[in-house]
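Worksheet: one structure, shown below.
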Amino acid sequence: MIAGICILSLFGVGDIFLIRKIILLSGVLLFSLAIVEEVEEEVPKHYMMVGRKQRLFLSIAAAMVFLQAGRINIAMDYDTLHYSVRSQYVLNAGLGIYENLGMNNVVYTYPKGLEILTMPFADLKSYSYIPAFNLWVTVGTLVCIYMLVRHLSSRRAAWRTVAVAACIPAIMNMGASAKTDAITLFFQLMAIYFVMQYMREKRQPYLLMGGSALILSYAMKPTAVVFSSLVLVVSVVCLVKHKLVKIRLADRWWILVIPEVLALIGVWARTFFLTGVPVTSVFTGLLNKIGFKLRYPFNAAEVPNSGGELLSAEGWINLVKRLFGVLIAPVGEDMAHVVIAWGSGLILVFLVVIVLARRMKTIQVARVREHQHKYVCSLMTVVGLASIVSLRMLWQVDGNYFMLFYCLVVVEAMVALDYFTKKTRLEIMPRLAAPMLLLNVVVMMCTNWAGAVGFSPVNLVHSGYFDHRAKAHQDMIDSGNAAIWNMLEVNPRTRLLAVGEEPEVLSFPCIAQTYNDMSGSGGDVHLVKTLAQFKEYLDWAKIDFIYVQAGFVEPGSGVGYPLLHAGGRQSHRS
Numbered sequence: 004m005i006a007g008i009c010i011l012s013l014f015g016v017g018d019i020f021l022i023r024k025i026i027l028l029s030g031v032l033l034f035s036l037a038i039v040e041e042v043e044e045e046v047p048k049h050y051m052m053v054g055r056k057q058r059l060f061l062s063i064a065a066a067m068v069f070l071q072a073g074r075i076n077i078a079m080d081y082d083t084l085h086y087s088v089r090s091q092y093v094l095n096a097g098l099g100i101y102e103n104l105g106m107n108n109v110v111y112t113y114p115k116g117l118e119i120l121t122m123p124f125a126d127l128k129s130y131s132y133i134p135a136f137n138l139w140v141t142v143g144t145l146v147c148i149y150m151l152v153r154h155l156s157s158r159r160a161a162w163r164t165v166a167v168a169a170c171i172p173a174i175m176n177m178g179a180s181a182k183t184d185a186i187t188l189f190f191q192l193m194a195i196y197f198v199m200q201y202m203r204e205k206r207q208p209y210l211l212m213g214g215s216a217l218i219l220s221y222a223m224k225p226t227a228v229v230f231s232s233l234v235l236v237v238s239v240v241c242l243v244k245h246k247l248v249k250i251r252l253a254d255r256w257w258i259l260v261i262p263e264v265l266a267l268i269g270v271w272a273r274t275f276f277l278t279g280v281p282v283t284s285v286f287t288g289l290l291n292k293i294g295f296k297l298r299y300p301f302n303a304a305e306v307p308n309s310g311g312e313l314l315s316a317e318g319w320i321n322l323v324k325r326l327f328g329v330l331i332a333p334v335g336e337d338m339a340h341v342v343i344a345w346g347s348g349l350i351l352v353f354l355v356v357i358v359l360a361r362r363m364k365t366i367q368v369a370r371v372r373e374h375q376h377k378y379v380c381s382l383m384t385v386v387g388l389a390s391i392v393s394l395r396m397l398w399q400v401d402g403n404y405f406m407l408f409y410c411l412v413v414v415e416a417m418v419a420l421d422y423f424t425k426k427t428r429l430e431i432m433p434r435l436a437a438p439m440l441l442l443n444v445v446v447m448m449c450t451n452w453a454g455a456v457g458f459s460p461v462n463l464v465h466s467g468y469f470d471h472r473a474k475a476h477q478d479m480i481d482s483g484n485a486a487i488w489n490m491l492e493v494n495p496r497t498r499l500l501a502v503g504e505e506p507e508v509l510s511f512p513c514i515a516q517t518y519n520d521m522s523g524s525g526g527d528v529h530l531v532k533t534l535a536q537f538k539e540y541l542d543w544a545k546i547d548f549i550y551v552q553a554g555f556v557e558p559g560s561g562v563g564y565p566l567l568h569a570g571g572r573q574s575h576r577s
């Protein structure tokens with residue numbers, strides 16, 4: 004699908020309405036073929052059966068999924084409203100994804116795989132379809148976790164792991180957002196599962212499907228360049244080390260990889276056409292050094308560092324503080340985005356369990372599972388080290404950076420617990436894990452990426468969806484912007500530079516970006532250093548109107564001079 008939208012966009016015919024019609028037609032065709040042809044089941048009959056003892060674990064996982072579903076309509080976070088649900092204004096205004104819409108912020112040049120995949124849901128009255136899609140992806144993540152544990156241990160351990168994973172805020176709180184972390188994690192875990200399946204059956208299609216999933220992860224999120232690459236390197240090293248690689252080039256199953264490769268090329272091509280580099284936000288400086296050149300007005304800012312030398316005493320102290328925050332108590336200014344997606348103290352307990360299991364040589368997996376177990380351990384170690392480096396280097400730490408590490412720790416720890424004696428397991432789980440799981444549930448009930456409290460209100464008379472567009476329109480009317488809304492609604496391709504509260508000012512029905520987008524984090528402050536530079540940017544972006552929210556610009560704010568003296572452009576104040 005992603006590759007198809009990219010191809011349509013290359014010819015300038017990638018309109019969202021046309022894409023929606025093609026998807027509907029394709030869905031009807033595939034559904035008809037599924038009815039006509041009988042599909043053979045390859046999954047073992049009892050592979051995912053839920054026994055009486057496992058129903059409790061399934062119920063816990065289902066409750067956590069329903070918890071996220073219950074607040075999708077009211078939990079539209081900043082990033083979701085900033086760019087994730089505005090495909091028709093920031094990604095595809097009618098000609099496809101390759102049109103330059105005059106936006107220079109890095110969030111508009113990220114790999115847009117998820118936005119392209121969910122583009123048929125764009126331009127609808129409700130924004131909730133895209134977070135709902137992400138919630139189903141999160142359910143898929145729980146299924147992947149089940150399948151990973153099932154490779155290494157019993158069905159009972161697998162269901163227990165699913166219940167534990169569903170109670171970790173870092174994993175589940177991303178399910179009620181349109182952010183790309185959930186789907187990136189899903190493809191990474193899928194890739195790991197297929198590699199493990201290949202280790203078991205030595206069938207090349209599994210290896211190709213794993214590679215395809217990993218390729219798609221690169222099209223979803225910039226951080227995949229780091230973490231998906233680590234999965235790739237560890238997978239190759241483990242397969243080569245255990246002499247499991249037997250690649251047959253003359254194999255018709257190679258066709259599985261072609262759509263994913265085309266999708267990645269299409270997604271990265273958009274970033275390249277706009278900015279001059281194939282991927283932004285990570286390794287931009289390195290790309291410049293090897294020959295890529297950033298185009299105007301995009302900024303080649305390096306990843307913000309947390310300060311201090313890497314091996315300095317100050318650096319080590321800062322790292323210890325952050326480890327304490329991430330693993331035990333996420334408090335403090337740089338932990339603001341960790342508590343939302345917190346792994347909780349349960350991760351620390353599980354790390355201790357894994358270490359004890361290693362020292363006591365408790366884990367004695369069957370020989371057929373030995374390579375798979377070493378593979379998961381290697382992944383956990385390497386991804387964990389990379390996570391520690393990111394904790395040390397990054398200025399702003401987000402808990403969602405460590406989702407893959409948390410999943411691998413939970414899988415490894417629950418497998419280890421399954422090989423402990425029943426007495427030891429009963430001592431660890433109720434006394435240590437159970438209280439923390441209850442704390443995790445409380446944390447998830449109180450936190451989400453939007454900071455929304457409670458659940459979507461029950462309304463017996465409704466249209467079957469929550470009308471976010473109508474709410475945004477009413478909010479604009481209440482704030483005195485009705486006339487401006489009506490003027491901009493006439494032509495959705497109108498380009499607006501807005502100065503005001505974010506993301507509220509981005510809800511105008513046109514190609515709207517904010518002054519902070521242009522010159523703040525992810526933008527380039529040099530564009531507004533002088534009036535001439537500001538005018539140059541306005542010409543490049545082809546801005547039609549400048550909107551200034553009443554009372555927002557104050558003396559000394561730093562935005563008044565170039566903005567309010569931009570001659571030759573139209574300006575509107577509310």
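Residue numbers for the sequence shown follow this note's numbering, so the first one is 4 and each next one is one higher.
Glycine included, every Cβ here is placed at the ideal spot set by N, Cα and C.
{"Asked": "Closest residue to His245 among Val493, Asp254, Val412 and Met202 (Cα-Cα distance)", "Found": "Met202"}
{"Asked": "Distance between beta carbons of Ala485 and Ala501, contact taken as under 8 Å", "Found": "Actually they do not touch by this definition, with Cβ atoms about 16 Å apart."}
{"Asked": "Contact set for Leu440: own chain, Cβ-Cβ below 6 Å, skip 5 residues either direction", "Found": "Cys170"}
{"Asked": "Assigned exposure category for Thr533 - 16 Cβ within 10 Å defines buried", "Found": "exposed"}
{"Asked": "Exposure of Phe469, with buried meaning 16 or more beta-carbon neighbours within 10 Å", "Found": "buried"}
{"Asked": "Residue environment, Cys9, which counts as buried when at least 16 other CB atoms sit within 10 Å", "Found": "buried"}
{"Asked": "Cβ-Cβ separation, Ile5 to Ala266 (assumed contact under 8 Å), whole Å", "Found": "4 Å"}
{"Asked": "Those residues which DSSP pairs with Gln516 across a bridge", "Found": "Leu500"}
{"Asked": "Phe353 versus Lys296, Leu420 and Ala216, residue with shortest Cα-Cα distance", "Found": "Leu420"}
{"Asked": "Nearest-angstrom Cβ-Cβ length linking Ala216 and Met193, presumed shorter than 8 Å", "Found": "4 Å"}
{"Asked": "Given 8 Å, three or more beta-carbon pairs between the stretch 317-337 and the stretch 385-397", "Found": "yes"}
{"Asked": "First and last residue of the uninterrupted alpha helix (DSSP H) at Ile5", "Found": "Ile5 to Leu13"}
{"Asked": "Beta-carbon proximity of Arg89 to Ala455, cut-off 7 Å", "Found": "no"}
{"Asked": "Alpha-carbon spacing of Gly143 relative to Leu104, whole angstroms", "Found": "34 Å"}
{"Asked": "Alpha-carbon to alpha-carbon, Tyr196 and Gly294", "Found": "36 Å"}
{"Asked": "Beta-carbon gap between Asn443 and Ser347 smaller than 7 Å", "Found": "yes"}
{"Asked": "Asp80 - containing alpha helix (DSSP H), residue span", "Found": "Segment: none, Asp80 is in no alpha helix (DSSP H) and carries neither H nor E."}
{"Asked": "Cβ-based neighbour list, Asp254, same chain, cut-off 7 Å, excluding 5 preceding and 5 following", "Found": "Gln207"}
{"Asked": "Cut-off 6 Å between Cβ atoms - residues of its own chain near Val108, not counting five sequence neighbours on either side", "Found": "It is worth fixing the name first, because residue 108 is Asn in this sequence and not Val. Taken in chain order, the residues that qualify are Asp520, Gly525 and Gly526."}
{"Asked": "Whole runs of the alpha helix (DSSP H) within the stretch 184-227, excluding any shorter than 4 residues", "Found": "184-204 and 207-221"}
{"Asked": "7 Å Cβ cutoff met for Thr274 and Val282", "Found": "yes"}
{"Asked": "Phe511 (DSSP reduced to helix, strand or coil)", "Found": "coil"}
{"Asked": "Secondary structure of Leu491, DSSP reduced to three states", "Found": "helix"}
{"Asked": "Distance, Leu541 Cα to Ser238 Cα", "Found": "48 Å"}
{"Asked": "Reference Leu145; option with closest CA among Met67, Tyr113 and Arg372", "Found": "Met67"}
{"Asked": "Residue burial classification, Leu567 (beta-carbon count within 10 angstroms, cutoff 16)", "Found": "Reliability of the predicted coordinates at Leu567 is poor, the pLDDT of 42 falling under 50, and the value obtained from them is presented with this limitation in mind. Exposed is the call here."}
{"Asked": "With 16 other Cβ atoms within 10 Å as the buried cut-off, status of Tyr518", "Found": "buried"}
{"Asked": "Environment of Tyr299 [buried if 16+ CB atoms lie within 10 Å]", "Found": "exposed"}
{"Asked": "Proximity below 7 Å, CB of Ile38 to CB of Leu117", "Found": "no"}
{"Asked": "Buried/exposed call for Leu120, threshold 16 Cβ in 10 Å", "Found": "buried"}
{"Asked": "Span of the alpha helix (DSSP H), counted from its first residue to its last, around Gln477", "Found": "His471 to Asp481"}
{"Asked": "Residue nearest to Met406 in terms of C-alpha spacing, selected from Lys115, Ile25 and Ala168", "Found": "Ala168"}
{"Asked": "Cβ shell of Tyr113 (< 7 Å), same chain only, five flanking positions each side left out", "Found": "Pro225, Thr283 and Ser284"}
{"Asked": "Same chain only: Cβ atoms within 8 Å of Val16, ignoring 5 sequence neighbours per side", "Found": "Leu98 and Gly99"}
{"Asked": "Cβ neighbour criterion (16 or more within 10 Å) applied to Gly467", "Found": "exposed"}
{"Asked": "Assigned exposure category for Ser29 - 16 Cβ within 10 Å defines buried", "Found": "exposed"}
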